[in-house]
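Okay, structure first, notes after.
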Amino acid sequence: MYRRIKKVLGGDILKKRGKGIGVTFYGTGYGNGFPDVSRAYARLLEDGKVEILVGATEVGQGAKTVMVQIASETLNIPIEDVILVNEDTSKAPDAGTAAASRQTYNSGNAVKIACENLKDNILQEAKKILNVNSKIGLVCEKGSVYVKTYPSKKVSFKEIANINNNLKGEGVFIAHTTQMDENGQGAPYWPYTFAACAVEVEVDTETGEVTILRAKLVLDVGKAVNPTLVEGQIDGGFAMGVGYALMEDVGLKDGKMLNSSFEKYIIPTSLDIPNIEKVLIEYPEDTAPYGAKGIGEPVLLPVAPAILNAIYDAIGVRFYEIPVTCEKILLQLNKG
Amino acid sequence: MKIELNVNGKDYSIEIEEHLRLIDLLRDKLNLTGTKEGCGEGECGACTVIMDGRIVNSCLVMAFQAHKSKIITIEGVEDEDIKNAFIEEGAVQCGFCTPGMILAAKSLLDKNENPSEQDIREAISGNLCRCTGYNKIVSAIKKAAEIKRGGRNV
Numbered sequence: 001m002y003r004r005i006k007k008v009l010g011g012d013i014l015k016k017r018g019k020g021i022g023v024t025f026y027g028t029g030y031g032n033g034f035p036d037v038s039r040a041y042a043r044l045l046e047d048g049k050v051e052i053l054v055g056a057t058e059v060g061q062g063a064k065t066v067m068v069q070i071a072s073e074t075l076n077i078p079i080e081d082v083i084l085v086n087e088d089t090s091k092a093p094d095a096g097t098a099a100a101s102r103q104t105y106n107s108g109n110a111v112k113i114a115c116e117n118l119k120d121n122i123l124q125e126a127k128k129i130l131n132v133n134s135k136i137g138l139v140c141e142k143g144s145v146y147v148k149t150y151p152s153k154k155v156s157f158k159e160i161a162n163i164n165n166n167l168k169g170e171g172v173f174i175a176h177t178t179q180m181d182e183n184g185q186g187a188p189y190w191p192y193t194f195a196a197c198a199v200e201v202e203v204d205t206e207t208g209e210v211t212i213l214r215a216k217l218v219l220d221v222g223k224a225v226n227p228t229l230v231e232g233q234i235d236g237g238f239a240m241g242v243g244y245a246l247m248e249d250v251g252l253k254d255g256k257m258l259n260s261s262f263e264k265y266i267i268p269t270s271l272d273i274p275n276i277e278k279v280l281i282e283y284p285e286d287t288a289p290y291g292a293k294g295i296g297e298p299v300l301l302p303v304a305p306a307i308l309n310a311i312y313d314a315i316g317v318r319f320y321e322i323p324v325t326c327e328k329i330l331l332q333l334n335k336g
Numbered sequence: 001m002k003i004e005l006n007v008n009g010k011d012y013s014i015e016i017e018e019h020l021r022l023i024d025l026l027r028d029k030l031n032l033t034g035t036k037e038g039c040g041e042g043e044c045g046a047c048t049v050i051m052d053g054r055i056v057n058s059c060l061v062m063a064f065q066a067h068k069s070k071i072i073t074i075e076g077v078e079d080e081d082i083k084n085a086f087i088e089e090g091a092v093q094c095g096f097c098t099p100g101m102i103l104a105a106k107s108l109l110d111k112n113e114n115p116s117e118q119d120i121r122e123a124i125s126g127n128l129c130r131c132t133g134y135n136k137i138v139s140a141i142k143k144a145a146e147i148k149r150g151g152r153n154v
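Heads up: the sequence lines are chains U and P, in that order. Per full-length UniProt numbering, residue 1 is the first one in the first sequence, and the count goes up by one each step. Per full-length UniProt numbering, residue 1 is the first one in the second sequence, and the count goes up by one each step.
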């Protein structure tokens, strides 16, 4: 670690710059022995489309998009042919909470298994219709099944559904989750997502204000099912990290929240967030649907440590408590 | 009391209570529920509407203050360029801030078809977003501006 003071515009020495990094790893799912099960059903509809029932809640993170993509990939059908029912508890089976960065990995696995089982049943039916001895030579493509070596021998999902209207598949995925021992040792989660964040900050030594000048975030996603959505998660997680590190404080006192409105509970605005250079590392995880690990929380975690390290690099003060507000910085600097 | 106003090109003459806020008039009386109430104290911008060409927090405007005014809510935004750019860039996550963001963007682009990134960040700085980290919203507004300047086919 080194310290450096850079002159900024107009030779103003009151603003000091520093760089910092943060590196984290984080388990997908509930972990530590808490039961973690996702269920999904897949069903062939009369019109040849496929209905996916999975209780994965969409809160903006993209579960609805990702589940449809996984089903579409597994059954090799267009996105438009996947009908997702995900927030109707009278129809969709329990897929756990949209929490613990678990929906893509856990419920994605359940959807994939359900679709594989449905595909198997569709092929079984197609085998009879196409009058071949085994499923092995059949190909599922764009809502049809055909014989690999004789492509004109073909039957559509719609035709199959008209012959058998009871083709279904169930998917149950039980995640690895074991309790740690009394010393905190063990194997609580699987898999782990790795993330690294680097930032350059400028600290105004007159006002205590910290500005994030540049940021880079590298994320080992396993596989990005939808890269745009992963980028959106990185942007969002980074902004939450900035708030966490520098601004956000509910101010609990005697069991009461002192900062219970946006007037006092400050979160970042568009002016507080820089553009972020994003790098997605795709090293597919064997147990994951198409290799995709959980990324929701991992994008947030390395941000605050990176910012606090950068502040230390800039002004030589090590903070052990967040948020590092302007007041706290000034207090430390004025200690002399 | 009775007020007259124009909302999304339609004239209304409505009986209101004096304590009614503009957001309540829009949501409860006119059933324009696209406008969201976030904090209810003018901090978050979720309730942003355009009033006589300026963006306002409709939670801080009393309904009677809107007498004789022209209001545009998210339902009245006919600008497909902005909406499409938000979709294409992935600028929507939970969506709660989106109506306000789009109105703030429209208000900016109505006045400035070639905004800098700083202009865009300032224009939406009164609109809080918890999910997106703003960057994709900023690129969506940049893209909408490009499309407006004729860059669609580039």
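A virtual CB, placed ideally from N, CA and C, is assigned to each residue, including glycine. Values in this document were obtained by computation on a predicted structure and should not be read as measured data.
Contacts with chain P at 9 angstroms (Cβ-Cβ) do not include Asn-259/U. Two segments are said to touch when three or more pairs of C-beta atoms, one from each, lie closer than 8 angstroms; by this definition the stretch 63-82 of chain P touches the stretch 20-31 of chain P.
Counting other Cβ atoms within 10 Å of its Cβ, Asn-112/P stays below 16 and is therefore classed as exposed. Neighbours of Glu-43/P across chain U, judged by C-beta separation under 8 angstroms: Ser-261, Phe-262, Glu-263. Counted as a single uninterrupted DSSP element, the beta strand (DSSP E) harbouring Gly-18/U occupies residues 15-27. Listed along chain U, the residues sitting closer than 7 angstroms to Arg-121/P by beta-carbon distance are Ser-270, Leu-271.
For the C-beta of Asn-135/P, the chain U residues within less than 7 angstroms are, from N- to C-terminus, Asp-235, Ile-273, Asn-275, Ile-276. Between Asp-36/U and Asn-106/U, the gap from beta carbon to beta carbon is short of 9 angstroms.
Chain order gives no chain U residues near Cys-47/P, where near means a beta carbon separation below 7 angstroms; the closest approach is about 13 angstroms.
The C-beta of Ala-224/U comes no closer than 9 angstroms to any C-beta of chain P. Neighbourhood of Gly-232/U in chain P, by CB distance below 7 angstroms: Gly-90, Gln-93, Thr-132, Lys-136, in chain order.
Glu-327/U and Gly-208/U do touch by the CB rule: their CB atoms are close to 6 angstroms apart, below 8 angstroms.
The DSSP assignment places 80-89, 98-111, 117-123 as complete runs of the alpha helix (DSSP H) inside the stretch 77-133 of chain P, in order along the chain (cut-off: 4 residues).
As for any beta strand (DSSP E) of minimum length 3 sitting wholly inside the stretch 272-303 of chain U, the runs are 276-281, ordered along the chain. Taking 9 angstroms as the cut-off between beta carbons, the residues of the stretch 97-124 of chain P near chain U are Glu-117, Gln-118, Ile-120, Arg-121, Glu-122, Ala-123, Ile-124, in sequence order.
In the three-state scheme derived from DSSP, where H, G and I count as helix and E and B as strand, Val-250/U is classed as coil. For the stretch 198-230 of chain U, the set of residues with a beta-carbon nearer than 8 angstroms to any beta-carbon of chain P comprises Thr-228, Leu-229, in chain order. Taking C-beta atoms as the reference points, Glu-277/U and Arg-17/U fail to come closer than 9 angstroms. Under the three-state reduction of DSSP, Gly-55/U is assigned to strand. When beta bridges are read from the DSSP output, Phe-194/U appears opposite Phe-25/U, Asp-220/U.
Ile-113/U sits away from Ile-83/U, with the two beta carbons spaced by 9 angstroms or more. For Thr-48/P, the enclosing beta strand (DSSP E) covers residues 48-51. With fewer than 16 other Cβ atoms from the protein chains shown falling within 10 Å of its own Cβ, Ile-174/U counts as exposed. If you ignore the 5 residues before and after Val-92/P, its C-beta comes within less than 6 angstroms of the C-beta of Phe-86, Thr-98, all in its own chain and listed in chain order.
Leu-45/U is a Cβ neighbour of Ala-161/U, given a cutoff of 9 angstroms. In this structure, Leu-217/U sits away from Pro-274/U, with a CB-CB distance that is not shorter than 9 angstroms. Interface annotation, Ile-267/U: in contact with chain P, CB-CB separation under 9 angstroms. The beta carbon of Gly-27/U is closer than 6 angstroms to those of Tyr-189, Tyr-192 in its chain, skipping five residues each way along the sequence.
Contact of Met-247/U with chain P is not assigned, every C-beta pair being separated by 9 angstroms or more. Against chain P, a Cβ distance below 9 angstroms from Ala-239/U picks out Cys-129, Arg-130, Cys-131, Thr-132, Gly-133, Tyr-134, Asn-135. Against chain U, the CB of Cys-39/P has a partner CB under 9 angstroms away; the residue lies at that interface.
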